[in-house]
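J.: Once you've had a glance at the structure underneath, I'll fire off some questions.
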Amino acid sequence: MDSLRVRAARPDELTALQRIEVASGELFRAIGMVAIADMPPLPLDALARFQRAGRAWVAVDPADAPAAFAVVDPLDGAAHVQQLSVRPDFARRRIGRTLLDHVGAWAGGRGLPALTLTTFQAVPWNAPYYARCGFRPLAPAELTPGLAALLAAEAALGLDPAARVAMRRPTP
248 MDSLRVRAAR PDELTALQRI EVASGELFRA IGMVAIADMP PLPLDALARF
298 QRAGRAWVAV DPADAPAAFA VVDPLDGAAH VQQLSVRPDF ARRRIGRTLL
348 DHVGAWAGGR GLPALTLTTF QAVPWNAPYY ARCGFRPLAP AELTPGLAAL
398 LAAEAALGLD PAARVAMRRP TP
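Counting in the numbering used here, the sequence shown runs from 248 upward without gaps.
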């Protein structure tokens with residue numbers, strides 16, 4: 248991970264987190280998913296809620312500037328990764344995996360048995376990436392009520408349900 252480290256996000260970094268999310272979303276444009284690339288980032292009030300609750304982390308460069316972030320919500324007794332974004336100029340350095348490992352240790356330390364997330368099945372830096380990080384896709388019968396509701400909400404926003412998957416990874 249070079250010389251990056253993970254720490255709690257600070258209130259003064261929330262607009263930087265939005266910029267990271269927008270920049271990382273640009274990758275979708277290159278594969279024809281323009282609507283996804285054009286989606287707005289998490290609103291500042293949502294990011295502030297994560298930050299105040301102690302569920303927002305950043306991977307920072309040697310100058311202490313955020314290069315990536317993760318935010319988590321409790322969902323059905325697990326820690327749900329609401330967003331994980333890495334600045335494109337920091338991609339392919341294991342930063343996302345390091346953040347996931349940090350979040351997993353945090354969740355495990357609080358007695359939460361797993362991390363969950365929803366993502367695109369076929370996008371290389373989505374489900375295939377998360378599978379390499381220890382997540383497994385959940386069959387429809389394995390969906391918790393919260394994950395099922397989240398996938399339904401994503402479909403209502405226009406995301407193709409056939410392209411989406413919920414995944415789970417045990418915590419340490």
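All C-beta atoms in this analysis are idealised placements derived from N, C-alpha and C, irrespective of residue type, glycine included.
Starting from the C-beta of Val305, find all residues in its chain whose C-beta is less than 6 Å away, skip the five residues before and the five after it, and write them out in chain order.
T.: Ala256, Pro313, Phe316
J.: Hey, could you find the ends of the alpha helix (DSSP H) Asp348 is sitting in?
T.: Following the DSSP letters along the chain, one finds Asp348 inside the alpha helix (DSSP H) bounded by residues 342 to 356.
J.: Taking one C-beta from the region 359 to 367 and one from the region 406 to 417 each time, how about it: are there three or more such pairs within less than 8 Å?
T.: yes
J.: Check the C-beta distance from Asp320 over to Arg302 and give it rounded, since I have them as a contact under 8 Å.
T.: 7 Å
J.: Can you check which of these residues, Arg254, Leu291, Leu397, Gly393, is closest to Ala263 by C-alpha distance?
T.: Leu291
J.: Is DSSP giving Gln298 helix, strand or coil here?
T.: Looking at Gln298 - three-state DSSP - the assignment turns out to be helix.
J.: Measure the beta-carbon distance from Val307 to Arg252 and round it to whole angstroms, keeping in mind my assumption that it falls under 8 Å.
T.: 6 Å
J.: Counting along the chain, where does the alpha helix (DSSP H) carrying Val319 start and finish?
T.: That residue, Val319, is in no alpha helix (DSSP H); its beta strand (DSSP E) goes 313 to 322.
J.: Starting from the C-beta of Leu346, find all residues in its chain whose C-beta is less than 7 Å away, skip the five residues before and the five after it, and write them out in chain order.
T.: For Leu346, where only same-chain residues beyond five positions count, the Cβ hits under 7 Å are Val253, Trp304, Ala306, Ala315, Ala317, Leu331.
J.: Please report how far the alpha carbon of Val328 lies from the alpha carbon of Val350, in whole angstroms.
T.: 8 Å
J.: Name the DSSP bridge partner or partners of Pro417?
T.: Ala361
J.: So who's on the other strand from Gln330, going by DSSP bridges?
T.: Val318
J.: Hey, Asn373 and Phe382: beta-carbon distance below 8 Å or not?
T.: no
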